[in-house]
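What follows is a single structure, written as structure tokens, with notes after it.
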Amino acid sequence: MKKVISVEQCSKFDPLQLIKVYGVFSNRCDYINTCQGYQLETVLRCLQPDWWDDVILEPVDEEEMLLSA
């Protein structure tokens with residue numbers, strides 16, 4: 053992952069932007085879900101906070117290719 057967005061910055065996403073959500077635990081990054089910007093808050097609320105040390109977000113295009121900065 054080259055471009056990682058913190059959860060605190062998630063309000064900057066366009067409502068239709070595709071976003072990959074990853075959970076970080078013990079130096080391991082696990083894919084959780086891909087959603088659109090308007091769904092992100094719901095996805096994040098459904099995560100069990102004690103399962104993850106951190107959550108990172110990766111904006112992608114329709115083919116789920118990483119968007120450049």
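If you count the sequence shown from 1, position 51 lands on 103 in my numbering, and the numbers rise without skipping.
Where a beta carbon is used, it is the ideal one built from N, C-alpha and C, also for glycine.
- Inclusion of Gly75 and Leu92 in the CB contact set at 8 Å is not warranted, their separation being larger than that value.
- Contact between Thr86 and Lys72 is confirmed by a C-beta separation of about 5 Å, below the 8 Å threshold.
- The three-state reading of DSSP puts Glu110 in strand, counting E and B together.
- DSSP places Leu92 inside the alpha helix (DSSP H), whose first and last residues are 92-98.
- In this structure, Phe77 is the residue among Tyr83, Pro111, Phe77 with its C-alpha nearest to the C-alpha of Asp102.
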